[in-house]
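Chains as they are written, first to last, in the numbering used here: chain G, 1 to 303; chain X, 304 to 806.
Even glycine gets a Cβ: it sits at the ideal position worked out from N, Cα and C.
Keep in mind that this is a model prediction, so the values were computed, not measured.
One structure below.
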Amino acid sequence: MLIFSHWIIVFLLAPLFVGVIAKVKAFFAGKKGPSLFQPFFDLQRLFQKDSVYSRTTTWVFRAVPIICLAAVLLLALLVPLGPFKAPLQFTGDIFLAASILGLARFFMIIAALDTGYSFEGMGASREAFFSCLCEMILFMNFITLSLAQHSISLSSMIGGNLPLSWKLWGTVLILVVGSFFILILAENARIPIDDPDTHLELTMIHEVKILDHSGVDLGFLLYASAIKLFVFAGILIPIILPIEPVNKVMDMLIFLGGMLAVSIAVGIVESTTARLRLNRVNHLLLIAFALGFFGFVVKMWKG
Amino acid sequence: MALFNGGKISLSNIPVLVVEKFRAQIIESCGESSRLVNLFGILETNGYLRLLAVLGVDEEARLDILSTFISLESPQYESLTKDLTQAHLFEREIAEQWAVKPVGHPWLKPLRYHSNYRQAEDIWQGINDKIIPGGYPFYAVEGEEVHEIGVGPVHAGIIEPGHFRFQCHGEEILHLEIQLGYQHRGIEPMMQGQDLRRSMLLSESIVGDTSIGHSTAFSEVVESLTGCSITPRAQAIRAIALELERLANHVGDLGALGMDAGFLPTSAYFGRMRGDYLNLLLILTGNRFGKGLCRPGGVLFDIDNKMANDFCLKLKKYRDEFKDVSDLLFTRPSVLARFEGVGIVSPKDAKEIGLVGPAGRASQMECDVRINYASGMWQFQHVPISLGATGDVYARALVRSQEVLRSLEFLLRVLPSLPAGDIFVAPGPMKPDTVAVSMVEGWRGEIMHVGISDNQGGFGRYKIKDPSFHNWFGLAYAMRGQEISDFPLCNKSFNLSYCGHDL
Chain G
1 MLIFSHWIIV FLLAPLFVGV IAKVKAFFAG KKGPSLFQPF FDLQRLFQKD SVYSRTTTWV
61 FRAVPIICLA AVLLLALLVP LGPFKAPLQF TGDIFLAASI LGLARFFMII AALDTGYSFE
121 GMGASREAFF SCLCEMILFM NFITLSLAQH SISLSSMIGG NLPLSWKLWG TVLILVVGSF
181 FILILAENAR IPIDDPDTHL ELTMIHEVKI LDHSGVDLGF LLYASAIKLF VFAGILIPII
241 LPIEPVNKVM DMLIFLGGML AVSIAVGIVE STTARLRLNR VNHLLLIAFA LGFFGFVVKM
301 WKG
Chain X
304 MALFNGGKIS LSNIPVLVVE KFRAQIIESC GESSRLVNLF GILETNGYLR LLAVLGVDEE
364 ARLDILSTFI SLESPQYESL TKDLTQAHLF EREIAEQWAV KPVGHPWLKP LRYHSNYRQA
424 EDIWQGINDK IIPGGYPFYA VEGEEVHEIG VGPVHAGIIE PGHFRFQCHG EEILHLEIQL
484 GYQHRGIEPM MQGQDLRRSM LLSESIVGDT SIGHSTAFSE VVESLTGCSI TPRAQAIRAI
544 ALELERLANH VGDLGALGMD AGFLPTSAYF GRMRGDYLNL LLILTGNRFG KGLCRPGGVL
604 FDIDNKMAND FCLKLKKYRD EFKDVSDLLF TRPSVLARFE GVGIVSPKDA KEIGLVGPAG
664 RASQMECDVR INYASGMWQF QHVPISLGAT GDVYARALVR SQEVLRSLEF LLRVLPSLPA
724 GDIFVAPGPM KPDTVAVSMV EGWRGEIMHV GISDNQGGFG RYKIKDPSFH NWFGLAYAMR
784 GQEISDFPLC NKSFNLSYCG HDL
């Protein structure tokens with residue numbers, strides 16, 4: 001039951017979250033922008049279409065959209081969403097979370113190579129490189145949080161009384177939040193790391209790998225990336241905002257407000273900065289790592 | 304023999320040199336103050352191909368014209384390219400159009416993949432049979448870690464077809480070869496013949512976004528050959544339309560640069576502002592791209608006082624808007640980080656390649672037809688040249704934004720004080736067997752049309768040169784040692800025409 005309520009939330013809210021980002025970007029460009037529900041319409045359109053497959057591809061290519069969607073749905077179960085506790089939690093589940101991300105990425109990369117297309121190979125190689133750095137950042141922050149909360153289960157590391165310890169651990173948490181926000185941008189192919197709207201194959205990182213997917217497959221991949229963004233924001237919010245399982249309505253409102261704030265923040269970053277030059281992306285990721293590392297150092301120093 | 308922009312010369316008065324002398328003189332002049340503006344062949348009736356070279360002496364506003372004969376019994380001559388890089392595409396064009404081989408050309412490949420014009424055997428077997436690029440290899444870099452990326456001719460965006468072949472080491476580009484020709488329509492032969500009204504309409508379609516530039520050049524060629532001098536008012540209206548075309552395209556380009564750098568606000572604002580300028584052309588000519596305005600003898604649409612006032616008011620508003628948005632673009636550190644130091648063409652290389660237009664000016668080349676070869680309105684109203692210092696994407700963007708401001712200034716100066724008079728004078732018949740040249744500074748740079756009249760009142764040969772013809776190689780060169788992910792940005796900073804190259 002808990003599992004299904006979790007999935008219903010991500011299915012319903014994740015595309016909306018993408019819609020909010022698009023709306024913020026449109027606002028900054030002086031446009032009216034598409035409806036908040038446009039991502040749903042796009043998905044509906046894609047689900048009505050057939051997929052086209054290149055003759056050089058094998059079953060790997062066809063399996064990947066399902067694997068990716070399944071992976072993020074599994075990931076979603078590890079994360080508390082507002083008043084709904086994570087249905088799946090056990091000691092050490094952070095390793096499962098990281099492995100699920102790695103699994104999805106691995107299949108994305110080999111599917112890209114499966115097409116035998118030079119762009120996709122290029123995108124795959126970029127993804128492989130940047131995701132190495134992303135995993136470092138993820139674990140750095142997990143280490144700090146687990147030290148703060150004395151737990152290596154995602155649900156107890158975030159949320160609980162963590163937001164209340166901002167007075168105590170303000171420095172640490174602000175470093176973690178900064179680091180994690182950059183990670184969200186990087187993991188989800190947003191500006192300044194990647195440009196989700198570009199049509200230019202040579203500059204793409206994430207988009208290039210889904211170039212050859214179409215129809216339902218593409219719909220699955222887009223749904224998966226929307227859910228991934230949602231889940232990442234879902235990890236960030238309980239670090240900042242107190243969500244106590246007392247008043248369910250209040251918690252839901254706080255959670256939704258937090259989500260809205262994160263999506264607006266992502267939209268503002270996308271609207272006010274240009275994309276980084278590709279050979280500078282690793283610098284930004286290393287900055288995020290350094291922030292996380294300093295968070296860890298401060299935590300160790302202060303005990 | 305010296306000519307001025309818009310001048311004409313009888314075919315028999317053009318000096319003829321022997322091939323060796325012809326070659327030596329071009330190379331010598333280009334080593335000094337000249338540059339190769341045009342080089343093309345004319346088929347003679349006596350079994351010879353006449354090569355005609357036009358050299359531009361920018362500082363003296365002079366065009367030197369010289370020629371040589373090549374016997375078609377042994378259709379070859381010693382290539383100029385070995386000693387003069389800027390001749391390389393011209394020689395490939397001659398080899399393709401006339402099946403005359405420049406011996407020793409370092410990279411003799413077809414340009415547009417069509418059979419030659421004199422129904423002889425082509426230099427390349429079966430050039431017209433296979434799809435582009437046919438059986439001709441691309442320049443390849445070998446090595447275990449080197450990989451090749453081919454982009455196009457079908458692109459993910461809505462742009463013209465062209466094939467780009469990158470030789471890369473990781474993310475670094477070692478070499479880029481650009482293969483065009485997909486847009487070849489054979490427009491040069493179509494321009495020839497007796498029906499000038501048809502040629503006029505064709506000239507507006509040579510490059511869709513430079514309709515005014517090319518139709519002005521065509522009109523000037525016909526006016527030169529008929530000895531028709533158009534009224535100052537017509538000259539002013541042509542200049543106004545040319546600047547509006549420049550404004551629309553430069554503003555659009557700046558927006559596109561913003562988009563490729565991933566900077567949304569300016570791309571949206573500039574995209575809208577481009578429409579404002581196109582709408583002014585719509586008010587003036589009834590067509591957003593200014594088709595139907597220029598005709599030999601003048602222009603077809605007048606600007607009355609009310610329209611001039613209206614334009615001035617609007618342009619002042621557009622100028623303020625432009626300043627705001629370009630400040631936003633050029634002061635944003637994350638944008639500058641993308642623009643600066645990317646795709647550098649040094650002044651020395653720019654001169655060697657023979658860059659023209661904003662791309663040349665961004666590399667400190669003082670090339671602007673409006674200044675160096677002033678004709679028409681530009682003789683009376685000057686526009687300062689806009690130069691960039693660094694030759695990178697930033698410089699090319701900056702030159703565009705400077706030119707936008709200077710064009711606006713020019714329009715605001717000219718519009719309130721338009722010369723009085725008619726806008727059209729009917730031209731007479733064309734002088735036979737005469738060569739007329741016309742240069743126009745289109746928004747991409749130097750457009751040159753050369754018309755050679757026959758003795759039946761039409762064109763025996765018509766040669767078109769779009770600035771893109773000079774600049775495509777500049778783009779390929781600028782990419783060396785750059786990151787492959789910077790290619791789209793760099794490409795947009797040149798924004799060259801595919802159909803202008805392919806004709």
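Nonlocal neighbours in the same chain, by C-beta distance under 7 angstroms from residue i, ignoring five residues either side
i, result
"Arg-326/X", "Glu-381 and Leu-383"
"Leu-36/G", "Leu-16, Gly-19, Val-20 and Lys-23"
"Leu-88/G", "Leu-77 and Leu-78"
"Glu-624/X", "Met-576"
Close beta carbons around residue i, own chain, < 6 angstroms, minus the five adjacent residues each side
i, result
"Ser-51/G", "Ser-214, Gly-215, Val-216 and Asp-217"
"Leu-799/X", "Ser-771, Asn-774 and Trp-775"
"Gly-763/X", "Ile-755 and Asp-757"
"Pro-791/X", "Asp-563"
Burial state of residue i, where buried means 16 or more other Cβ atoms lie within 10 Å
i, result
"Ala-443/X", "exposed"
"Ile-227/G", "buried"
"Thr-56/G", "exposed"
"Gln-428/X", "exposed"
"Trp-401/X", "buried"
"Lys-209/G", "buried"
"Gln-682/X", "exposed"
"Cys-132/G", "exposed"
"Gln-48/G", "exposed"
"Ala-781/X", "buried"
"Val-602/X", "buried"
"Gln-705/X", "buried"
Partner residues on chain G for residue i, Cβ-Cβ distance less than 8 angstroms
i, result
"Ile-767/X", "Under the 8 angstroms cutoff, chain G gives no residues; its nearest Cβ is about 30 angstroms from Ile-767/X."
"Gly-505/X", "Checking the displayed sequence, the identity of residue 505/X turns out to be Leu instead of Gly. What Leu-505/X touches in chain G: nothing, since even the nearest Cβ is about 32 angstroms away."
"Tyr-640/X", "According to the sequence shown, residue 640/X is Ala rather than Tyr. Near Ala-640/X (Cβ distances below 8 angstroms), the residues of chain G are Ala-274, Leu-276, Arg-277 and Arg-280."
"Ser-788/X", "Leu-202, Thr-203, Arg-277 and Leu-278"
"Arg-698/X", "Contrary to the premise, residue 698/X reads as Ala rather than Arg in this sequence. Within 8 angstroms Cβ-Cβ: nothing; Ala-698/X doesn't reach chain G, min ~17 angstroms."
Nonlocal neighbours in the same chain, by C-beta distance under 8 angstroms from residue i, ignoring five residues either side
i, result
"Ala-677/X", "Asn-308, Ala-364 and His-685"
"Leu-183/G", "Cys-134, Ile-137, Leu-138, Asn-141, Phe-232 and Ala-288"
"Pro-34/G", "Gly-19, Ala-22, Lys-23 and Ala-26"
"Ile-317/X", "Met-304, Leu-355, Ile-368, Leu-369, Ser-370 and Val-738"
"Ile-268/G", "Val-24 and Phe-28"
"Tyr-420/X", "Leu-346, Gln-400, Trp-401 and Pro-492"
"Lys-619/X", "Leu-715"
"Asn-286/G", "A small correction: the amino acid at residue 286/G is Leu; Asn does not occupy that position in the sequence shown. The residues are Leu-133."
Partners in chain X for residue i, counting only beta-carbon separations shorter than 7 angstroms
i, result
"Gly-30/G", "Ala-571 and Tyr-572"
Per-residue contacts from residue i into chain G (C-beta, under 9 angstroms)
i, result
"Glu-451/X", "Ser-118"
Contacts of residue i in chain X (Cβ-Cβ under 9 angstroms)
i, result
"Ser-271/G", "Phe-566, Leu-567 and Pro-568"
Contact set between residue i and chain G, taken where Cβ atoms lie within less than 7 angstroms
i, result
"Val-554/X", "Residues of chain G passing the Cβ test: none, with the nearest at roughly 15 angstroms."
"Arg-635/X", "Ala-274"
Listed by chain order, chain X residues near residue i by CB distance under 8 angstroms
i, result
"Pro-192/G", "Gly-565 and Ser-637"
"Asp-195/G", "Gly-565"
Pick out the complete alpha helix (DSSP H) segments inside the region 146–205 of chain G, 4 residues or longer, and give them in chain order. Within the region 146–205 of chain G, the complete alpha helix (DSSP H) segments at least 4 residues long are 154–157 and 166–187, listed from N- to C-terminus.
At 4 residues or longer, what runs of the alpha helix (DSSP H) sit wholly inside the region 530–574 of chain X? Listed in chain order, they are 535–563.
Three CB pairs or more closer than 8 angstroms across the region 741–755 of chain X and the region 766–773 of chain X: Because the criterion of three Cβ pairs below 8 angstroms is met, the region 741–755 of chain X and the region 766–773 of chain X touch.
Which whole runs of the beta strand (DSSP E) in the region 728–802 of chain X are 3 residues long or more, in chain order? Inside the region 728–802 of chain X, DSSP marks whole beta strand (DSSP E) runs of 3 or more residues at positions 737–745, 748–756 and 762–768, from first to last along the chain.
Beta strand (DSSP E) runs wholly inside the region 432–514 of chain X, at least 3 long, in chain order: Listed in chain order, the complete beta strand (DSSP E) runs (minimum 3 residues) inside the region 432–514 of chain X are 449–454, 466–472 and 475–482.
Taking three-plus beta-carbon pairs below 8 angstroms as touching, is the region 703–716 of chain X in contact with the region 567–574 of chain X? No, because fewer than three Cβ pairs between the region 703–716 of chain X and the region 567–574 of chain X fall closer than 8 angstroms, the two stretches do not touch.
My parser needs the alpha helix (DSSP H) runs of 4 or more residues fully inside the region 81–153 of chain G; what are they? Look at the region 81–153 of chain G and you find these whole runs of alpha helix (DSSP H), each 4 residues long or longer: 93–114 and 118–149.
Fully enclosed by the region 23–85 of chain G, which beta strand (DSSP E) runs are 3 residues long or longer? Listed in chain order, there is nothing to give.
Across the region 67–74 of chain G and the region 113–125 of chain G, are there enough close Cβ pairs to call them in contact, namely three or more that are closer than 8 angstroms? As far as the Cβ criterion goes, the region 67–74 of chain G does not touch the region 113–125 of chain G, which means the pair count is below three.
Give, in chain order, every unbroken run of the alpha helix (DSSP H) that is at least 4 residues long and sits entirely within the region 616–679 of chain X. Correct list: 636–642, 650–656, 660–665 and 672–675.
Say whether the region 656–671 of chain X touches the region 689–703 of chain X, bearing in mind that this needs 3 or more beta-carbon pairs closer than 8 angstroms, one atom from each stretch. Judged by Cβ distances under 8 angstroms, the region 656–671 of chain X makes contact with the region 689–703 of chain X, as three or more pairs qualify.
Would you call the region 552–565 of chain X in contact with the region 603–615 of chain X, where contact means no fewer than 3 C-beta pairs closer than 8 angstroms? Verdict: no, contact absent.
Segment contact, 8 angstroms Cβ cut-off, at least three pairs: the region 575–593 of chain X with the region 506–518 of chain X: These segments touch.
With a threshold of 8 angstroms, are at least 3 pairs of Cβ atoms found where one atom belongs to the region 384–394 of chain X and the other to the region 330–337 of chain X? Three or more pairs of CB atoms, one per stretch, sit closer than 8 angstroms, so the region 384–394 of chain X contacts the region 330–337 of chain X.
Using 8 angstroms as the Cβ pair cut-off and three pairs as the minimum, do the region 38–46 of chain G and the region 275–291 of chain G touch? In short, these stretches do not touch, since the Cβ pair count stays below three.
Fully enclosed by the region 334–369 of chain X, which beta strand (DSSP E) runs are 3 residues long or longer? Here the runs fully enclosed are 337–346 and 351–360.
Along the chain, which unbroken stretches of the alpha helix (DSSP H) at least 4 residues long are found entirely within the region 383–426 of chain X? Here the runs fully enclosed are 391–401.
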